[in-house]
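Notes for the one structure printed next.
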Amino acid sequence: MPKRADIHKILIIGSGPIVIGQACEFDYSGTQACKALREEGFEVVLVNSNPATIMTDPDTADVTYIEPITPEILAKIIEKERPDALLPTLGGQTGLNCAIQLHDSGVLKKFGVEMIGAKEDAIKKAEDRKLFKEAMLKIGLDLPKSGLAYNMEQAKEIAKEIGFPLVIRPSFTLGGTGGGTASDWQEFEQITQRGLSYSMISEVLIEESLIGWKEYELEVMRDLKDNVVIICSIENFDPMGIHTGDSITVAPAQTLTDAEYQKMRDSAIKVIREIGVETGGSNIQFAVHPETGRQIIIEMNPRVSRSSALASKATGFPIAKIAAKLAVGYTLDEIPNDITKETPASFEPSIDYCVVKIPRWAFEKFPKADQALSIQMKSVGETMAIGRTFKEALQKGIRSLEIGRFGLGADPKDEYEARSKSPDFKTEISKKLSTPNQDRLFYIRYALKEGFTVEQIFALTKIDRWFIQNIKEIVELEDEIKGSAMCPELMLKAKQFGFSDKQIGHLQGSSEAEIRGPRINGGISAVYKLVDTCAAEFEAYTPYFYSTYEREDEVRLSGRKKIMILGGGPNRIGQGIEFDYCCVHASFALKEIGYETIMVNSNPETVSTDYDTSDKLYFEPLTIEDVLNIADKEKPDGVIVQFGGQTPLNLAVALKKAGLRIIGTTPEAIDIAEDREKFKVLVEKLKLRQPVNGTAFTVEAAKEAANRIGYPVMVRPSYVLGGRAMEIVYDDESLEYYMTHAVKASPEFPVLIDKFLDDAIEVDVDMIGDGETFVIGGMMEHIEEAGVHSGDAAMVLPPHTLTKKIMDEIRQATYALAKELDVVGLMNVQYAVKDGKVYILEVNPRASRTIPFVSKAIGVPLAKLAAKVMSGEKLKGLGFTKEIIPPQISVKESVFPFVKFPGIDIILGPEMRSTGEVMGIDVDFGRAFAKSQMAANSALPMGGKVFISVQDSHKEKIGPIAKRLRDLGFEMIATKGTAAELRKKGVESEEIHRISEGSPNIIDLMKNGDIKFIINTPSGKKPRQDEVKIRSLAVALGIPCVTTIPGADAAVKGIDAMQKYGPEVRPLKEWHKALQDKLRQ
Amino acid sequence: MKAHLVLEDGTHFAGEQFGAEAEAFGELVFNTSMTGYQEILTDPSYKGQVVTMTYPLIGNYGVNDEDVESSKPWAEGFVVKELSSIASNHRSRGTLDGYMKKYGIVGIQGIDTRAVTRILRTKGAMKCVISSGDSDVKALLEKVKASPGLIGRDLVKEVACARPFDWPSQPGQKPEFTVAAVDCGMKLNILRNLNRIGCRVRVFPAAATASDIMAVKPDGLFLSNGPGDPEAVPYHIKAVRELRDKLPIFGICLGHQILGLAFGGKTYKLKFGHHGGNHPVMDLRTRKVDITSQNHGFAVDIDSIPDKQMELTHVNLYDKTVEGMGHRELPVFSVQYHPEACPGPHDAEYLFDKFAGMMRENKHA
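From first to last, the protein sequence lines are chains A and B.
For the numbering used here, count along the first sequence from 1 and bump the result up by 796.
For the numbering used here, count along the second sequence from 1 and bump the result up by 51.
So, in structure tokens, the structure goes:
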């Protein structure tokens, strides 16, 4: 069928900020869809609140709204834009839920908007547990025994019937939020209560536990002619009981016979037909009993998902792009396969390699969180590796994780030797194997080394014996390498098993370089094979490569000038989509000016690893060895390391040593900025001001320095990103604790100590330079006071309280630093302003997290410009020579994963903990801030009761805030001390018990839904337990909770503005046009 | 033990032996199915061929007693990247290595099977040897060159049953039809499917004559898959020519080619054939696409059939080759691919039901 002629304008909803369970895979799919639809001549209207996305770039869609993804806002956009159709399946659960709400509220009908791809009834059938169950029974599929409950009584009845262990899953939530497994009544009640409150419709499914069953996923596509194809099968290494997002997964399925696979395939086809997803991709999950083979249908996602992004990268089949084309009427046979060009998309990819995905967690950021893995997703990112065998892919995957490991152990971080001496080691191994956790893979190795059999490990983990056997073979080869001289046969085998030179060197007692040189001279080098969707049956035209050690190399070299861009690897807190955005821009920009671009990255969720982003894509780990292998082959004219975050920066010096040309700011200049002593010299030379500081290698030296500087001090290890292990310390005792527990200071890794400037205002500046011209891209004032990590702080651009004099001083300092460091590319500087004095906190001569936000706020693609200047162009030639100060206000707000870690305190500090960000743009601060809160899923309340409890030093400042809240129609509730204080300021409040004073206290009121807003600043350096309780309950119940005075002040401004004006929507292009108009004046 | 794979063009791959120790010759083909190695090995159509699996990890789920398409493996040899050292599946009864040893099939692993595939894709299927003993590559190459190819060689007689036999309907099922099936190397799942649609089957050797077949008064004639060059079985073509307007006929794979020849058409050899489970085939009447199981090296030139008697019904969307045809007047149809799957998708199972429908209509006409 040809494309539909009756629709012209299509609305796409994005997935909003990056959160656990919903990351940049939706930028990847949304961007693909926008491109595909525009290619077909449709007008695309896009809504997403996340500025760090390629999809919100002004040229991705025809009309782009960076606005909160809420039904209210969407309704306004629909009213304004009048799209013919809404494609709801590309924005994750957020987009899907929003689309359903728009349908239910009648907005779609009112404005004549048709849902395409999946209709509301199909979405509901797939998402609503009860309807889904009925549908599955109707088509004769096997299901776990289960029941639905809407309250605790019903839940208990069902539990009695089925028996423990039980799984509790709330309906209509994100990434399994609020679910859990219960083995007794106490656990059951706790999880069920939480589940009922998290579900949008207060519904939980209670079902037979399938823990330990094998888990599979199929990625399925269907078109309007009812053609159905399976794009990819995925087998979870970790069995049922662990969220897929937290599971190591492998493609294709490894341990199913064809008969079993085809049965699953038949079921999947029945499912997509019965659910009625008309067109597009769905993810369908199955469980298989390891001993009986009983196949059970688990769930279906009627939309593109994390797994579909993975499947796309694993096979080369662009699911989202094809889904978009199917949604507008094409059938699979009418769409060509991009990779082979001559064959159609109506086929099932055959792959001739093995793909392993490994999640990356961030528990180091949440030391108090429960680290056991279960059905609620906790990982923040993932990496994918491709190899010709599982063993090779697994080891490549581990070193792609960037957790300091170079494979499955046998590397400098290997603790086996030391730990095997412990008498309890075997007991610990058993424990770590039976309770899933982020280190389980390494414990499997320990177990094998300690003599556990495959069968024993299977019994403890229920991981399929085939996987364990393969790991065993890796471990056996490790022992062989350790005991032998490296003959060519052994070397080749080691490389084919995925061993890195670092591991081989570690086992052989030599360095990585000592292994690499002779290895290559001996003729054992990496070869590159194509990901081609068809197992080499047809010629492939898309250069998407992975490395292996075999006979034939398929790389085709061009004679063009080429630049290699190193990506950021797996998402983690502190290094996420913002950096991928920059890498993608670099690629686009360099292509524009005629370079061949070569992308190297290992993150399957990203746009950078889309095969048509760059001229060539190498899906490889970002280690020296793997990057040099590619460089040996491609011989690039330049390498960009300053866009992918800390990952590629860490490689800069070694790459340069190996003879590669690092373009842009030199590694030496980067080193000056990162090396404390060298930087101090620079600051002094430029006569700038730094907080008093020192460096310490020992506890004693640290104490001495801290006392000299004066408490409070900010302490952190050198060379970190995302504020890892950064803390504010108030006295000797805490300092000693920090030095001995939080960091292991050593001559190699000193601890940096800075005077902490409390109550200062922090400012972030992003600048671009070409060595001659330096231009500030954006100056951002933090809303929270100093001490909150810049990745977590809300920011406003342009600054709203700084004087011109201060801003000018900051500008001068920035330019002076840039000139001195000879910045070619981007640079980020952080300042603190206290008592009218400007202090430099940090300089990062690289792309920063705020580049996408600033680019969108000022309407200039800074990363693109930076890539061009790095390749030798000049800002003058590019037409960007003057700082733009926008007339409108842009607010960046951060989004946190606290809801996934129940009980964690939400107080912000110098250690970054946010996973994503949103942007609010409007004509004044209040409205922009209010929008940012709405977008961050903590919309400011417009009335009701506010609970106020602040530390003593804040009592002075809370008065005016409370007064304004009262004037805005709020009622105050406070504990005794605060109430008295408020009364003094003339604000009456309802007094309430402290938690320790018994009921009714604030917890009761919160649970009753009486509290609409909380202002609660921490009482001291160590927060009191009841405060933590209030704050974490606020997160669980979704009550907006502000923990700083400036935050409260901003909230009041936001509420005021919203009460006066309400939210209005405006497309990005209009904001940018206003900017241009202003510039012309 | 070391083993060697030598191709007719002189390409040499060294690897490791598994399965039986032997020297095996055959036409080297690649199969892109990611699962189903046991069905592939036991498919008689692979007689005369050495199979390279493009999926690199083979043997993972071992072998079992159910997933066989005939009484034993027929492929001459097996080329893989990595053989699993264990069998992991609840139905497994042993390892692939043990299975191939038992049946005397030689395998070679540690091979860059993607490189092999790319050679075959560019140069076409070619003769090869896997040798676990001889390491004299030059001598092996001479032997390869001297070995027989597929063209004009009757491999059917080596795999077909020697005597007719009955394949009764399933217990408790009252058969609606009697089908005569000519076994040129028939896959078991064809019989299972014929059962499913209500047939009891009289299976004939490939050499059966028209009168042998008509003697059982069948309601329909089924022409099976089988190995090698269809032109090399003139006796079978002759029988089908005599029966072509007497009975509803359904042909699969070799049976489809035989039908083409029986109606006066020609067949030709494809460059590297179709072997896999992912080829899209469009039913030209419904415009719907099935994902199909494929295993053939020859194809029918439909334009060579006189008087346009056969209508093109199915086409391969990869290379536009003929995948199915139906007679314009007679209840006769055939497909080049494998609706019985095993291994592969079940999308085209409906063709058996179509055959049942034809027989029903013919019976009551």
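Ideal Cβ placement from N, Cα and C applies to all residues, glycine included.
query	result
Residue 1229/A to residue 1618/A span [Cα, whole Å]	52 Å
Under 7 Å (Cβ pairs) to chain B, residues found in the stretch 1049-1078 of chain A	1050, 1051, 1052, 1053, 1054, 1055, 1057, 1058, 1061 and 1062
Residues near residue 63/B by beta carbon distance below 6 Å, same chain, minus five either side	57 and 188
Contact with chain A by residue 342/B, beta-carbon distance below 7 Å	yes
Of the residues 919/A, 1011/A, 1038/A and 1488/A, the one placed nearest residue 965/A, counting alpha carbons only	1038/A
Element boundaries [beta strand (DSSP E), containing residue 345/B]	339-352
Contact with chain B by residue 836/A, beta-carbon distance below 7 Å	no
Cβ-Cβ distance between residue 71/B and residue 152/B below 7 Å	yes
Alpha-carbon to alpha-carbon, residue 1749/A and residue 1606/A	29 Å
Against chain B: residues of the stretch 1258-1283 of chain A by CB proximity under 8 Å	1260, 1261, 1262, 1265 and 1269
Cβ pair count under 8 Å reaching 3, the stretch 1705-1719 of chain A against the stretch 1597-1613 of chain A	no
Residue 1630/A versus 1401/A, 1002/A, 1647/A and 1577/A, residue with shortest Cα-Cα distance	1577/A
Coil, strand or helix - residue 1040/A by DSSP	helix
Same chain, Cβ closer than 8 Å to residue 1852/A, five either side skipped, listed in chain order	1722, 1760 and 1764
Rounded separation between residue 932/A and residue 921/A - CA only	10 Å
Endpoints, the alpha helix (DSSP H) within which residue 1324/A is located	Element bounds for residue 1324/A: not the alpha helix (DSSP H) but the beta strand (DSSP E), 1323-1326.
Span of the alpha helix (DSSP H) around residue 1607/A	1600-1617
Contacting positions in the stretch 314-347 of chain B - beta carbon closer than 8 Å to chain A	327, 328, 329, 330, 331, 333, 338, 339, 340 and 342
Short Cβ contact (7 Å threshold) for residue 341/B with residue 398/B	yes
Residue-chain proximity (residue 144/B, chain A), Cβ-Cβ < 7 Å	no
Enclosing beta strand (DSSP E) for residue 88/B [first to last residue]	Run containing residue 88/B: none in the beta strand (DSSP E); it sits in the alpha helix (DSSP H), 88-92.
Reduced DSSP category for residue 1009/A - H, G, I as helix; E, B as strand; rest coil	coil
CB of residue 214/B within 7 Å of CB of residue 323/B, strictly	no
Residues bridged to residue 1340/A [DSSP beta-bridge criterion]	1413/A
CB contact flag (residue 1053/A, residue 112/B, <7 Å)	yes
CB contact flag (residue 85/B, residue 270/B, <7 Å)	no
Runs of alpha helix (DSSP H) wholly within the stretch 977-1002 of chain A (minimum 4 residues, chain order)	981-994
Helix, strand or coil at residue 939/A according to DSSP, with G and I counted as helix	coil
Span of the beta strand (DSSP E), counted from its first residue to its last, around residue 1053/A	From DSSP, residue 1053/A is part of no beta strand (DSSP E); its letter is neither H nor E.
Within 8 Å of chain A by C-beta, residues of the stretch 365-377 of chain B in sequence order	368 and 369
Separation of residue 1359/A from residue 1459/A, as counted between CA atoms	9 Å
Selection of the stretch 1284-1298 of chain A by Cβ proximity to chain B, strictly under 8 Å	none
Three CB pairs or more closer than 8 Å across the stretch 1146-1158 of chain A and the stretch 1167-1176 of chain A	yes
Straight-line Cα distance separating residue 1084/A from residue 139/B	13 Å
DSSP beta-bridge partners of residue 216/B	254/B
Reference residue 311/B; option with closest CA among 268/B, 412/B, 357/B and 106/B	357/B
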